[in-house]
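Peer 1: Count along the sequence shown from 1, then add 343; that gives the number in the working numbering.
Beta carbons are placed, not taken as given, at the ideal position from N, Cα and C, and that holds for glycine.
Since the structure is predicted, the reported quantities are computational estimates derived from the model, not experimental observations.
Following this message is one structure expressed as structure tokens.
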Amino acid sequence: DEQAEKLGAVFSGELGGPMEALGPLLGESLGAERAPIEFSSEGGSHKLKVSDAIEIEVDDIIPFGSESGKPARMVDLFHPAGPELTIGRAKSARVSAFGMDFANDPGTSGFSTAFSWAA
């Protein structure tokens, strides 16, 4: 219960951090649910699964002709996840929660980044 309350406070912006700036842009909260989270990141492929409600898979994009073999990145951004994002291609992106359903076609854009939020 304590962890759920703290996560709610983080994502509402109540504790500051990136979500505090986004709070005024969000409408009514539709609630929260407890669910198992699975995440993996290996070899440029990133997968997130939250119960049966959310499933996202993104592969990093290596630019054609890249001598370094490193994925393409965007830097110096204002983004809630952080100032640097790795450009990716979505293999799947599906969300079905709180009465809303969303799905992207494979091949659409995506991104990944490591992040740590603190207030």
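For L428, does the three-state DSSP call read helix, strand or coil?
Peer 2: Residue numbering aside, residue 428 sits at position 85 when the sequence shown is read from its first letter. Strand.
Peer 1: Would you decide whether V418 is buried or exposed? Buried here means 16 or more other CB atoms lie within 10 Å of its CB.
Peer 2: Counted from its first residue, the sequence shown places residue 418 at position 75. Exposed is the call here.
Peer 1: Is V393 closer than 8 angstroms to A433 when the C-beta atoms are compared?
Peer 2: Taking the sequence shown and counting its residues from 1, one reaches residue 433 at position 90. Taking the sequence shown and counting its residues from 1, one reaches residue 393 at position 50. Their beta carbons are not under 8 angstroms apart, which means A433 does not touch V393 by this criterion.
Peer 1: In angstroms, rounded to a whole number, what distance separates the CA positions of G366 and P423?
Peer 2: Against the sequence shown, residue 366 aligns to sequence position 23. Against the sequence shown, residue 423 aligns to sequence position 80. Cα to Cα, the separation comes out at about 11 angstroms.
Peer 1: Report the residue ranges of all beta strand (DSSP E) runs contained in full by the region 361-410; include only those spanning at least 3 residues, in chain order.
Peer 2: With a minimum length of 3 residues, the continuous beta strand (DSSP E) runs that stay inside the region 361-410 are 380-385, 388-393, 397-403.
Peer 1: What number of angstroms, rounded off, separates the C-alpha of D448 from the C-alpha of V353?
Peer 2: Position 105 of the sequence shown holds residue 448. Position 10 of the sequence shown holds residue 353. Distance between the alpha carbons of D448 and V353: 30 angstroms.
Peer 1: Would G425 and D403 be called neighbours here (beta carbons separated by less than 8 angstroms)?
Peer 2: Counted from its first residue, the sequence shown places residue 425 at position 82. Counted from its first residue, the sequence shown places residue 403 at position 60. No, they are not a contact pair.
Peer 1: Counting only the same chain and skipping the five closest in sequence on each side, list residues whose C-beta sits under 7 angstroms from that of L373.
Peer 2: The residue you call residue 373 lines up with position 30 of the sequence shown. Correct list, in chain order: F441.
Peer 1: I'd like the list of long-range same chain contacts for I380, defined as Cβ closer than 6 angstroms, with 5 residues on each side in sequence excluded.
Peer 2: The sequence position of residue 380 within the sequence shown is 37, counting from 1. Excluding sequence neighbours, I380 sits near V393.
Peer 1: Contact check, I399 vs S435 under 8 angstroms by CB: the rounded distance?
Peer 2: Locating residue 399 in the sequence shown gives position 56, counting from the first residue. Locating residue 435 in the sequence shown gives position 92, counting from the first residue. Confirmed, about 7 angstroms.
Peer 1: Under three-state DSSP, which class holds G351?
Peer 2: If you number the sequence shown from 1, residue 351 lands on position 8. DSSP places G351 in helix when its eight states are reduced to three.
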